[in-house]
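A.B. asks: Would you mind keeping the following structure in view while I ask a few things?
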Amino acid sequence: MGFLSTWTFLLFLLGITCTTQGIKRSVRKRSERPNPAVYSNEDDFEWTTWFNVDHPGGKGDYEKLNVIAFYYRARVCEVPRALEARTTEWMPARSTGERVHADPAVGFWCINSEQPVGRNCSNYAVRFLCPRDKPLQVEPIWGPWSDWSPCLAHCDQVATQHRSRTCNSKQCNGPAAETRTCEGPSCPRCDLHCVMGSVNDQCDGCTCKDHTVLGSVRSAGGLPAPRAAILSTDPSPRLLTVTDHNGHFHIPGICPDGNTTLMIKLPNHTPRKVSVPQSTEHTSVLHLKLERAKKLYVLKNPENKARKEGQTAAFCCKVDGLPEPDKYEWFHDGSLLDRNQYQYDKTLILRNLTLDQMGEYYCRASNENGAIKSKSAALIVTGQNEPSCKPTPDSHLIRLPHDCYQNETNSLYYDVGRCPTSTCTGKLDNGIRCKDSVSYCCGISNMEEKEIKCQGYQLPIMVVTQCDCKTCVDTKSIVRGHAVAADTGEPMRFGHIYMDGVRVSRTGYKGTFSIQVPKDTERLVLTFVDNLQKFVNTTKVLPFNTKGGAVFHEIKLLRKKPPVTISSRETNMLVLGEVEGQDPIAEIEIPPNTFFKENGEVFMGNVKASVTFLDPRDISTAAAAQSDLNFISAEGDTLPLRTYGMFSVDFRDEGGESLNAGEVKVRLDTAQVKVPEHLKTMMLWSLNPETGLWEEEGHFHAEKKQRGKREERTFLIGNMEIRERRLFNLDVPENRRCYVKVRAFRSDRFMPSEQVEGVVMTLINMEPTPGFSTNPRSWGRFDSVITGTNGACLPAFCDEQKADAYSAYVMANLGGEELEAVASSPKLNPSSIGVPQPHLNKLNYRRTDHDDPRIKKTAFSINVAKPRSNAAEEANGPIYPFEKLKECEEAPFNAAHFRFSRVEGDRYDYNTVPFNEDDPMSWTEDYLSWWPKPMEYRACYIKVKLNSAHELNVRSRNMGGTHPKTVGQLYGIRDTRSIRDMDQSTVSAVCVEFKCSGMLYDQDRVDRTLVKIIPQGSCKRDGVNSILQEYLVNHLPLAVNNDTNEFTMLAPLDPLGHNYGIYTVTDQDPRTAKEIALGRCFDGTSDGTSRVMKSNDGVALTFTCGAKEVTRQSVFQQMQNSLGQATAGSARQGRENRRQRGSSTVARNSRRSTRNPYMRVQTVG
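Sequential numbering from 16 applies to the sequence shown in the working numbering.
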């Protein structure tokens, strides 16, 4: 049976249809009459060399044994045992998908007419398994005939069938193959009826021989569209014609019956269908314009879910694009889920959840043009009897006033507790939804009031004692900032701001703007358009805080280059790059007659051409770069680009009408590409202003060009069209990527509890250093990330082999305030910087003032050295490999990281009820809450002028004034140091925050806060703003002001302005409200803003203080005693009231109800 198994195996490899019956008959016959060849072993045979005596032209490729033997008789046997076939490209015949035939006695053949329509046979070579050169005792015998090959004749047509047999001996007489003719089936009757013309040969449409369709196709932007395909829309579309170089086409035989539809296709454009209108004329004319293809884009990512075991979770993925996605795939922790098991499409439903289904889920959508992946969503599954929120609060230290030092802990910090910011299960219904109808978060369930011993008084404080699952606080995200020129800081006045092609806002006179981020926004892409045409239209991808709150961004705009006049009839060269002393990076070559009007007509005349180039060799241009330099790969991943320059083009006629340009050339000087491997991957890109992603526009090829008699230079040449998009990029994808861990703090104490969220961290990637073959002054990429509860992870280019190959600058901004980096001179302090030695030396940490103390301290530079897998000291941050983003985001506080801190200026805030302004869930329903209502934060400041030779601290003490549940009880304290006047050495001023009057959390009645303003040391009140004083007199009750060392008032209910010296701002974000109010207070106006204190404008109070500088020991000495008396008195009053009401004695840390302000424990529902 060795003969049978070997031959059958080889025929199976070839993909040949062979009759099993024939083989069986041969075996039965041989069993009756033994044949020595059947029982020979494999060592008796060997393969010949490969033969290729025919080509697939004509009817097909015929590699017949008799022909091969004619040419190579000495190299092939007369009766091969088997044969093997492959293409000349070394592809086995079984892998080609073509219908082929093989018989060792006849040879191998492939017939073109048997292949699918439009496809011919490949070029094949064969070899044979022949006996070795030693005699074998065999008898001449023929094997059985094979079955006839299938009849491939079409209906009413004739074809040829083949069959063959094998000679199983040394020599046989007679033919080894036979042929015969066969007839195809009768053609079906065509029942198609044509209203106009006659039925075509395929019986799938009508044809009108006397009618012709003429037409033209324009691409996006109105340019001619050569090589556009015009197809029929039959079930099997047929190519009818392609457009010529002018975008024109003509198709004879199309019937103008109103039912005929054509399909127009052009690469990178959306296919368009058009019907031929009904007509009695001999010619129909169609003018068509195509739109640019819409790449896949994720509109809605799946959301995080928290569930109990046995419940159901649904994840949804919404992707837009033309054509729409035709396939969705879902992944769990990177592994593809079985479609047959989960029956998913764009929605994944997980029923009867188990603990092992916890993890991260994302979707991948694809169509014929590419794919895209969504962001990952986390699924948390807890046991039926397990709490979804940890009931015990985490530690959270707050700083106490300077005179409240705690001997028990030997510090000025007190642990008030904090609930984790995480999703929990809550009370979910059984509905299957993409977005839960109610969102649940871990929040405060119980708080206790405690009293802290200070110098001469007791300070009340609320402490978190229990956490539970609560309804999430509804938050709103705000993006604000100002748009200014990158070179001079000139504001873009009254510019328009677009989102998804719709105008959503505009800038003010000073370039300021504020935008509420729409719900479910995944990626905020804004385009800033200057109506005065001074600046280039700028598209920015702005990070925002998804948890709510405001984030400030400064938008740097490139000033448009003045236009130059060129002739459309001539070849024009426009230079890209104007760094002094260096050659241009590239140039644009515009051939003659390339300009077109918006309607597609060729423009002849003078063109005003403005080309603005952002040159990365100038590091100051990094802030003005557009978008975030990302693109979508063919696999659907969002990947980074490294730029060699961006350029914006604006072509207009002399009347100001915009013009498009046909195919132009971009010549990139290879001498400017310092990393050799980038030459192979350099591409042209254009920016999609709706998605903020870069899309491929064209490729480059090398070309040498003579410059002068001896100088020969090599250029990369890329072709592109300038249509509706006007911003382009010279970029390469870069795969050497890492993440840098950075944290921001409220002070340089760098306490975990003092981390600041909502800080915009920005990293600018610098080119590799000299020795790594390029210019260290060029930048290649920038990225911005918003800090969360655990800092931020900034993407960066990195290298493992050479530590200083890539470097980066990192900076931080909070509400327009630049945060300060940790010092690197006179020597490095690893404990302050946050990175231990020796790793810190390898990263070469340098603050910007390292070599020159006159430079600002607001950034640092590092070598972005990818951690080595065999170096334990590098495995714990601050640089993480790209694939370890989650490890970076969840890194513990003791892991290495870089640090920024705010410049406090001796500013201190204390709230009786602690509240983290970065976490809305930390707000509690308490009468003593500084902010009485979430999502409506009202900030109030009073401006105080001090006549003193020194800068002094000023405190506001804020207590309940008129509300029966808070009267006499402390809301909080604010300490702020004054700022010296730049022109008057003996004058300073300070803006002090106080608690605004208004409704408390229950919205039942208002409280006019009792505010005391107390300067440090020996000061005397000289004056009160007369308008403010008049207002207070007219709005009783009036606070007593017998002590001239301070000022007391019942805070106004109305939002007064600068004329009163009071500054009030209400916003959906507490930090934004405070920043705006503080800016107005500094400026002394009701609508302006300033970072410079104007001591004489908009002042409410004036004090004159003694010339002697007050030491630290005397800070607030006068106030401390009165504060102690007041708080102690209020505590005594509370105890007396409880006794009067007959309540049982309660410990200091026992319950305090929101309904009864004198109870000591609060249960937060």
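Virtual Cβ for every residue (Gly too), placed ideally from N, Cα, C.
These numbers come from a predicted model, not from an experiment.
Roughly how many angstroms separate the alpha carbons of histidine 169 and proline 200, rounded to a whole number?
C.D. replies: C-alpha separation (whole angstroms): 7 angstroms.
A.B. asks: Just to confirm, is the Cβ distance from aspartate 1084 to alanine 393 under 9 angstroms?
C.D. replies: No; because the gap between Cβ atoms is not below 9 angstroms, this pair is not in contact.
A.B. asks: Under a Cβ-count criterion, where at least 16 other Cβ atoms within 10 Å of its own Cβ denotes burial, should threonine 542 be classed as buried or exposed?
C.D. replies: With 16 or more Cβ atoms within 10 Å of its Cβ, threonine 542 is classed as buried.
A.B. asks: Which partner residues of glutamine 531 appear in the DSSP bridge assignment?
C.D. replies: In the DSSP output, where bridge partners are listed per residue, glutamine 531 has Ile493.
A.B. asks: Counting along the chain, where does the beta strand (DSSP E) carrying arginine 758 start and finish?
C.D. replies: Run containing arginine 758: 752 to 760, per the beta strand (DSSP E) assignment.
A.B. asks: Alanine 498 to glycine 592, Cα distance in whole Å?
C.D. replies: Spanning the two alpha carbons is a distance of roughly 24 angstroms.
A.B. asks: Using CA coordinates, which residue listed in Lys817, Val757, Gly806 and Lys881 is at the minimum distance from valine 825?
C.D. replies: Per the Cα distances, Val757.
A.B. asks: If you draw a straight line from the C-alpha of valine 132 to the C-alpha of glutamate 712, how long is it?
C.D. replies: Between valine 132 and glutamate 712, the C-alpha separation is close to 34 angstroms.
A.B. asks: For threonine 1001, does the count of other Cβ atoms within 10 angstroms reach 16, so buried, or fall short, so exposed?
C.D. replies: It is exposed - the Cβ of threonine 1001 has fewer than 16 other Cβ atoms within 10 Å.
A.B. asks: Would you give the residue range spanned by the alpha helix (DSSP H) that isoleucine 83 belongs to?
C.D. replies: Taken as a continuous stretch (DSSP letters only), the alpha helix (DSSP H) holding isoleucine 83 covers 80 to 86.
A.B. asks: Report back the beta-carbon spacing between aspartate 1216 and histidine 1050 to the nearest angstrom; my notes put them in contact at under 8 angstroms.
C.D. replies: No answer is possible for residue 1216: it lies beyond the span of the chain, which begins at 16 and ends at 1180.
A.B. asks: May I ask you to report which of helix, strand or coil DSSP gives alanine 910?
C.D. replies: Here alanine 910 sits in coil by DSSP.
A.B. asks: Apart from the five residues on each side of it in sequence, which residues of its chain come closer than 8 angstroms, Cβ to Cβ, to lysine 74?
C.D. replies: Once the five neighbours on either side are set aside, the close Cβ partners of lysine 74 are Ile126, Asn127 and Ser128.
A.B. asks: Per the DSSP calculation, proline 165 is bridged to which residue(s)?
C.D. replies: Answer is none; proline 165 lacks a bridge partner.
A.B. asks: Are the beta-carbon atoms belonging to valine 617 and serine 582 less than 9 angstroms from one another?
C.D. replies: Cβ distance not < 9 angstroms, so valine 617 and serine 582 don't count as in contact.
A.B. asks: Note down, in chain order, each residue of its chain lying with its Cβ closer than 6 angstroms to the Cβ of cysteine 903, except the 5 sequence neighbours on either side.
C.D. replies: Within the same chain, cysteine 903 has close Cβ partners Tyr754, Lys756, Cys808 and Tyr895.
A.B. asks: Tell me phenylalanine 123's beta-bridge partners as DSSP assigns them.
C.D. replies: Its beta-bridge partners are Glu78 and Ala117.
A.B. asks: When you measure from the CB of proline 1085 to every non-hydrogen atom of the ligand NAP, does any distance come out below 8 angstroms?
C.D. replies: Within the structure as shown, the ligand NAP is missing, as the structure has no ligands at all.
A.B. asks: Nearest-angstrom Cα distance between lysine 288 and lysine 390?
C.D. replies: If you take the alpha carbons of lysine 288 and lysine 390, they lie about 34 angstroms apart.
A.B. asks: Might you give, ordered along the chain, the residues of its own chain that have their beta carbon closer than 8 angstroms to the beta carbon of glutamine 1140, omitting 5 neighbours on each side?
C.D. replies: Confidence in glutamine 1140 is poor, its pLDDT being 37 and thus under 50, which makes the residue's placement unreliable; the coordinate value appears in the next sentence. Only Tyr472 meet the Cβ criterion.
A.B. asks: From leucine 255 to valine 747, what distance separates their C-alpha atoms?
C.D. replies: Rounded to whole angstroms, leucine 255 to valine 747 spans 38 angstroms at the Cα level.
A.B. asks: Which residues in the same chain as glutamate 1045 place their Cβ atom closer than 6 angstroms to its Cβ, once the five residues preceding and following it in sequence are excluded?
C.D. replies: None.
A.B. asks: Report the CB separation of isoleucine 732 from glutamate 718 in whole angstroms; it is logged as a contact under 8 angstroms.
C.D. replies: Contact flag correct, Cβ pair sits at about 5 angstroms.
A.B. asks: Classify isoleucine 447 as helix, strand or coil using the three-state DSSP reduction.
C.D. replies: Three-state result, isoleucine 447: coil.
A.B. asks: Go ahead and label histidine 70 buried or exposed: buried means 16 or more other beta carbons lie within 10 angstroms of its beta carbon, across all protein chains shown.
C.D. replies: Histidine 70 is exposed by the Cβ-count criterion.
A.B. asks: For leucine 539 versus tyrosine 925, is the C-beta distance shorter than 9 angstroms?
C.D. replies: Result no, Cβ atoms of leucine 539 and tyrosine 925 do not sit closer than 9 angstroms.
A.B. asks: From the DSSP secondary-structure annotation, give me the bridge partner or partners of isoleucine 476.
C.D. replies: According to DSSP, isoleucine 476 bridges with Lys465.
A.B. asks: Leucine 778: buried (16+ other C-beta within 10 angstroms of its C-beta) or exposed?
C.D. replies: By the neighbour-count rule (16 or more Cβ atoms within 10 Å), leucine 778 is buried.
A.B. asks: Would you call the CB atoms of phenylalanine 5 and leucine 629 closer than 9 angstroms?
C.D. replies: Because residue 5 is not part of the residues shown, which for the chain are 16 to 1180, the question remains open.
A.B. asks: Mind checking which residues open and close the alpha helix (DSSP H) that includes alanine 1092?
C.D. replies: That run of the alpha helix (DSSP H) goes 1085 to 1098.
A.B. asks: Keeping to the same chain, check which residues put their C-beta closer than 7 angstroms to that of arginine 114; ignore five residues upstream and five downstream.
C.D. replies: Excluding sequence neighbours, arginine 114 sits near Glu129 and Gln130.
A.B. asks: Go ahead and label glutamate 595 buried or exposed: buried means 16 or more other beta carbons lie within 10 angstroms of its beta carbon, across all protein chains shown.
C.D. replies: Flag for glutamate 595 reads exposed.
A.B. asks: Find out if the Cβ-Cβ distance for the pair leucine 2, aspartate 348 is shorter than 9 angstroms.
C.D. replies: Limits of the chain in this structure are 16 at one end and 1180 at the other, which puts residue 2 out of reach.
A.B. asks: Which residues in the same chain as leucine 656 place their Cβ atom closer than 8 angstroms to its Cβ, once the five residues preceding and following it in sequence are excluded?
C.D. replies: Leu644, Asn645, Phe646, Trp700, Trp709, Asn744, Asp746, Val747, Pro748, Glu749 and Arg796.
A.B. asks: Which residues in the same chain as threonine 63 place their Cβ atom closer than 7 angstroms to its Cβ, once the five residues preceding and following it in sequence are excluded?
C.D. replies: Excluding sequence neighbours, threonine 63 sits near Arg90, Val91, Arg142, Phe143 and Cys145.
A.B. asks: Strictly by DSSP, which residues pair up with threonine 542?
C.D. replies: According to DSSP, threonine 542 bridges with Tyr513 and Thr554.
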